[in-house]
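Using the numbering used here, count along the sequence shown one by one with no gaps and you end on 233.
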Amino acid sequence: MAGHSKWANIQHRKGRQDEKRGKIWTRIIREITVAARAGGGDLSANPRLRLAVEKAKAANMPADRIKYNIDKATGNAEGVNYEEIRYEGYGIAGAAIIVDTMTDNRVRTVAEVRHAFSKHGGNMGTEGSVAFQFKHCGQLIFAPGTSEDRVMEVALEAGADDVVTGDDGAIEVLTAYADFEAVKNALEAAGLKPEVAEVTMRPENTIELTGEDAARMQKLLDILEDLDDVQDVFHNASIDA
C-alpha cells in the first residue's frame, strides 16, 4: 500500500535524540519507574516494562542502572512519585498534537506545556479534543531499500495488521498493541531490523505543511520535546523537510 513519505521526519527525530542523549536516559528511567510500579518488576509478566528496558538498552544504559531503577520502583526505597498526564492541542494550520508527560508537579507541567503552545503558534485543547484522530498501535519502520516482499511476508505471518510503503521507499509495519512484541521478534529473527520500533499514537490522517508553516510547526514540536517533563510528542503533520 502507498503511504506518506516519512523518512526525512524520522531522520530529523533521530538526530534530535542524538543531540539530547542525556535527557533520553532521564525519560527512560521515568518510564521504567512507572511501568515497574504499575505492573511489577518481572519482565516476563510486564510488557510495558520490557519495552522500557529495551529502550534503555538501545540508549546504552548500563544493566546495573536499569536493575537499580526497577528495584527502586518496586521496593521500599524512597523515590519521586510520577504521574502520567496527557495534554492535547493544536499546532500550525490546526495540526493535531498529543503531549505525553510524566511529572511530580502537575501545576508546573501544565504551565510549561501551555506556554510552549501559546508562544509558538499553537493552543491547548481539552481532553479528547484531538486523541480521536490517532490510533494506539505498534509501529516498525524499515529503511528505504529493505525488501518489501520479505517484510510483508514475515510481518503478516506474525500477526501484523498492515504493511505500508511510503513514497520514499520506507516500509511501515503496523500492529495491534498486544501483538507488537511478537511481530518485532519475528522480523528481527528473520534478519529484518527496523530503524524505529515503538508503541505509538499514529495519526489516522495527516496535514501537509510546507515552507514557513513547516518550519514553525517543527519549532513548536522541538520546544515541546525539550520540556523536562515531556516523554513523547505525537502529531499529524507531514512536514516538508
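By construction, the Cβ of each residue, glycine as well, lies at the ideal position given by its N, Cα and C atoms. As the structure is a prediction and not an experimental result, all values here were calculated from the model.
Which residue or residues does DSSP assign as beta-bridge partners of residue i?
i: LYS127; result: ARG194
i: GLY120; result: Answer is none; GLY120 lacks a bridge partner.
i: ILE199; result: ALA229
i: VAL155; result: VAL165
i: VAL222; result: THR93
Quick one: what does DSSP say residue i is sitting in, helix, strand or coil?
i: THR25; result: helix
i: LYS112; result: For the record, residue 112 in the displayed sequence is His; it is not Lys. Looking at HIS112 - three-state DSSP - the assignment turns out to be coil, as it is neither helix nor strand.
i: ALA37; result: helix
i: THR95; result: strand
i: TYR74; result: coil
i: ALA44; result: helix
i: ALA168; result: coil
i: ALA182; result: coil
i: LEU216; result: helix
i: ALA189; result: strand
i: LYS88; result: Per the sequence shown, the amino acid found at residue 88 is Ala instead of Lys. It is a strand residue.
Between residue i and the ligand ATP, is the CB less than 7 Å from at least one heavy atom?
i: ILE133; result: The model depicted lacks the ligand ATP and carries no ligand whatsoever.
Alpha carbon to alpha carbon, what distance is there between residue j and residue i?
i: ALA(-6); j: ASN177; result: With a pLDDT of only 37 at ALA(-6), under the threshold of 50, the placement of this residue in the model should not be trusted; the figure read from the coordinates follows. Going from the Cα of ALA(-6) to the Cα of ASN177 covers about 25 Å.
i: THR192; j: GLY32; result: 22 Å
i: LEU179; j: PRO195; result: 24 Å
i: GLY67; j: ASN61; result: 10 Å
i: HIS265; j: GLN210; result: The chain is shown from -7 up to 233; residue 265 falls before or after that span and cannot be answered.
i: ALA48; j: GLU145; result: 30 Å
i: VAL188; j: ALA51; result: 13 Å
i: HIS(-4); j: ASP63; result: Because the pLDDT at HIS(-4) is just 44, under 50, the model does not fix this residue reliably, and the value given afterwards should be weighed accordingly. Cα to Cα, the separation comes out at about 42 Å.
For residue i, count the other beta carbons within 10 Å of its own beta carbon; 16 or more makes it buried, fewer makes it exposed. Which is it?
i: HIS107; result: exposed
i: ASP205; result: buried
i: ALA170; result: exposed
i: GLY120; result: exposed
i: ALA245; result: Here the chain has residues from -7 to 233 only, and residue 245 is not among them.
i: ASN228; result: buried
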